[in-house]
Amino acid sequence: MKISGSTALVTGANRGFGRTLAAELLSRGATVYAGARNPDNVDLPGVTPVRLDITDPASVAAAAELAGDVNLLVNNAGIDLRTDLMDGDLDLVRLDLETHYIGTLSMIRAFAPVIADNGGGTVLNVLSALSWVNFPLHGAYGAAKSAEWAMTNALRLQLAERGIRVAGLHVGYMDTDMAATITGPKSDPALIARLGVDGIEADAYEIVTDETSRRVQAGLSGGVAALYPQLP
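Everything in the sequence shown is counted per the working numbering, starting at 2 for the first residue and increasing by one.
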C-alpha cells in the first residue's frame, strides 16, 4: 500500500501514540482524519479532526459517514485502567473489553465497506506485547488486547477477499502518558510510528517493532515455562 495519496483515519489521535502516528502519516503524504472524543483537543496542523468515541455506535456510524474516502483505518484508541482481575471493579474490566475489543471491532465493521468501496486498503490494529503475555498489573488490559489479537487474526482471513489487509502492530512500553508511571525501558513513539507505517507500506500482516515484543513472540513456542519463568 502506498501511503502517499492515501486517506487515513487514526483513532485516539489527540495525544500520545495516536497523535504521533497521525503526524507520521501526514509527513508521508497521506490525508488524515484525527479521531478523538473531543475534536477540540486535536492540535496537529494539517489533519481533519473528527468527533469519535469508538464505544458509541452512533459516533462510529457518523465517523464512517463523514470519512467516506478512507482506505486506511488505524485502530489506536485505547485505555489501561490497571484493573486487577481478581479484586478490580468488573465494570472497569468490561470497559477495557468494550474499548479494545468491541470498540475496535465496531470501527472495522463500519469502515470495511468504506474501504472496499474505495478499492481496498488496510486496517492496522495497534496491539501490544501484552497481547501475548500478561501480568497482574495489566490483567484486564492484557486480556482485552489478547482478544483484539484473536479478532485481528480472524478478520485478516475474512476481509482478504474484499481487498482489505488487516495488520497488527505489537510494541511494549512507549514513552507516552499511558506509561508515565512505568520505570522500565520505553520505546520512542516516533520510531514505532515510522516502523508501523513502514510495515503498512510493505504489506506486512504482523509488525513487531521492539525488542520486548520480539522476545515475547519468540517465547510463545516455549509455552508457560518460557513466558513465566518465575512460576514454581
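C-beta: ideal position from N, C-alpha, C; glycine also.
The DSSP-derived three-state label of Pro46 is coil.
Nearest Cα to Ala141 within the set Ala23, Ala226 and Asp85: Asp85. Sequence-distant Cβ neighbours of Ala78 in its own chain, meaning closer than 6 angstroms and more than five residues away, are Thr12, Gly13 and Ile55.
Of the candidates Val225, Ile193, Thr123 and Ala64, the residue whose Cα lies closest to the Cα of Leu160 is Thr123.
DSSP places Gly143 in the uninterrupted alpha helix (DSSP H) bounded by Gly140 to Ala161.
Annotation: Arg83 is outside any alpha helix (DSSP H) and is labelled neither H nor E by DSSP. Ala130 carries a helical assignment under DSSP once its states are collapsed to helix, strand and coil. By alpha-carbon distance to Tyr174, the top candidate from Ala130, Ile201 and Arg38 is Ala130.
Rounded to whole angstroms, the separation of the alpha carbons of Gly120 and Val225 is 43 angstroms. Secondary-structure assignment with DSSP links Arg52 through a beta bridge to Ala37.
When the five nearest sequence neighbours on each side are left out, the beta carbons in the same chain lying within less than 8 angstroms of the beta carbon of Val51 are those of Leu10, Tyr34, Ala35, Gly36, Ala37, Pro40, Ala64, Leu67 and Ala68, in order along the chain. Just so you know, the alpha carbons of Ser132 and Pro114 end up roughly 27 angstroms apart.
By the Cβ test, the segment 100-114 is not in contact with the segment 191-203, since fewer than three Cβ pairs between them sit closer than 8 angstroms.
Collapsing the DSSP output to three states places Ala68 in coil. Close CB contacts of Ser60 within its chain, under the 8 angstroms cut and outside five residues either way in sequence, are with Arg52, Leu53 and Asp54 (chain order).
The residue among Val198, Pro230 and Ala219 with its C-alpha nearest the C-alpha of Leu27 is Val198.
Secondary structure at Leu170: strand, using DSSP grouped into helix, strand and coil.
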